[in-house]
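In the numbering used here, the protein residues as written are 6 to 451.
This is the structure in structure tokens:
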């Protein structure tokens with residue numbers, strides 16, 4: 006008889022197979038999250054030529070019988086490539102939901118990723134957060150495939166013995182479009198590992214704790230994971246929805262600068278009168294999106310606090326996906342570049358503490374504008390931007406975002422069918438996902 010699996014693997018498997026979720030708020034939140042994610046997939050399929058190049062069968066023209074029908078496309082793929090494509094579509098434009106803690110993450114693999122992320126900083130070891138997307142996806146796919154608890158633990162062990170992506174493609178001047186397909190890559194690997202275990206591959210029970218080659222020793226500084234909350238339904242009820250395509254830590258600053266813009270105009274001033282913009286924010290925001298110097302691509306721009314704030318101030322509205330593209334007038338704007346250089350980002354201890362506090366879970370920024378004549382517009386502090394569960398405007402904004410994205414492809418009548426279907430607990434998941442497939446039609450479904 007083999008020795009038991011490491012405790013974190015056992016507890017995750019027990020949650021999957023034996024925990025009952027009865028909170029109606031959790032189910033309502035899950036429906037919203039599902040619609041938001043699929044709406045983002047439709048948006049990406051409709052707007053991003055970069056993402057479109059990553060989609061489809063490995064061999065052009067291949068159609069897999071009974072395959073996965075990729076939302077927003079005409080493709081019908083094998084489960085592994087289908088998982089990659091769906092992950093890319095949800096994530097690529099940086100418009101999907103997010104979570105945060107000691108680790109940051111998007112897309113949110115909800116409870117599993119979220120509980121790990123609250124107190125385990127993979128980023129301090131240089132590992133990208135999609136390790137948790139892979140973990141959550143592998144575990145849940147194992148359950149969906151009908152694997153036994155023992156097989157699921159084996160699948161999870163293969164996740165931990167994998168190599169894992171570096172965060173390099175999300176940081177500073179090294180930010181590249183890989184951040185948009187990294188989650189799809191993790192999903193693809195998760196499905197593949199589950200299928201391998203279903204085919205008879207065994208796991209390693211001590212994959213985390215073994216010395217010297219277990220995950221803790223090899224990749225996590227020799228210490229084990231910490232958990233400050235048990236698995237339940239907390240995370241899906243506390244996700245941050247992104248109603249603008251801006252890195253999540255920058256959304257509050259965008260809202261704040263739009264308030265300041267109205268003040269400027271009311272006082273008879275304009276952008277030309279701005280000497281400096283000071284942003285007080287979290288340490289996470291400072292680390293991830295405080296950028297100086299050239300911005301090389303759209304992925305770099307949507308992850309730059311200075312760029313999104315300067316853009317919003319000049320534009321008088323929230324950033325849009327097209328604003329980040331190389332051909333955008335904003336990317337070529339010398340006025341924006343000059344203003345970006347006058348935006349100063351400073352980490353703040355209190356905002357950081359509130360960001361990590363499970364009772365507050367704010368994701369705030371305070372923004373002050375200093376004018377050339379010495380006038381100072383007092384700080385506007387936004388702690389719970391639209392998209393945060395504590396903002397009363399979030400629910401309506403997320404629904405409007407979904408409808409707006411769906412109208413890129415589908416008729417209002419078909420959107421109404423989808424909104425009704427998401428409330429139908431008896432509908433099969435494949436039937437539901439098929440509602441988002443184009444079925445060989447290049448036009449809107451009537």
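Glycine included, each C-beta is placed from N, C-alpha and C at the ideal position.
Every value quoted in this text rests on a predicted model; they were computed, and no experiment measured them.
query                                                                                                             : result
Sequence ranges, beta strand (DSSP E) only - wholly within the segment 69–134, length at least 3                  : none
Residue(s) in a DSSP beta bridge with residue 371                                                                 : 285 and 386
Stretch pair the segment 173–183 + the segment 302–319: three plus CB contacts closer than 8 Å                    : yes
Coarse secondary structure for residue 419, derived from DSSP in three states                                     : helix
6 Å Cβ shell around residue 230 - same chain, five flanking residues per side excluded                            : 13 and 125
Alpha-carbon to alpha-carbon, residue 360 and residue 353                                                         : 11 Å
Start and end residues, alpha helix (DSSP H) containing residue 427                                               : No alpha helix (DSSP H) contains residue 427, which DSSP labels as neither H nor E.
Among 430, 395, 173 and 59, the one whose alpha carbon lies nearest that of residue 134                           : 173
Cβ neighbour criterion (16 or more within 10 Å) applied to residue 344                                            : buried
Distance, residue 58 Cα to residue 406 Cα                                                                         : 25 Å
Residue interval of the alpha helix (DSSP H) (run including residue 276)                                          : Where residue 276 is concerned, there is no enclosing alpha helix (DSSP H), given that its DSSP letter is neither H nor E.
Cβ-Cβ separation, residue 56 to residue 185 (assumed contact under 8 Å), whole Å                                  : 7 Å
Closest by C-alpha distance to residue 139, when choosing among 148, 164 and 298                                  : 164
Spatially closest choice to residue 255 from 386, 276 and 157, by CA coordinates                                  : 386
Straight-line gap, residue 127 to residue 108 (C-alpha atoms, nearest Å)                                          : 6 Å
Simplified DSSP assignment, three categories, for residue 446                                                     : For residue 446, the pLDDT reaches just 43, beneath the cut-off of 50, and the residue's location in the model is therefore unreliable, although a value from the coordinates is still provided. In this structure, residue 446 counts as coil in the three-state DSSP scheme.
Residue 228, buried or exposed, once every other Cβ within 10 Å from all chains shown has been counted against 16 : exposed
Completely contained alpha helix (DSSP H) runs for the segment 193–273, where each covers 4 or more residues      : 220–224 and 256–271
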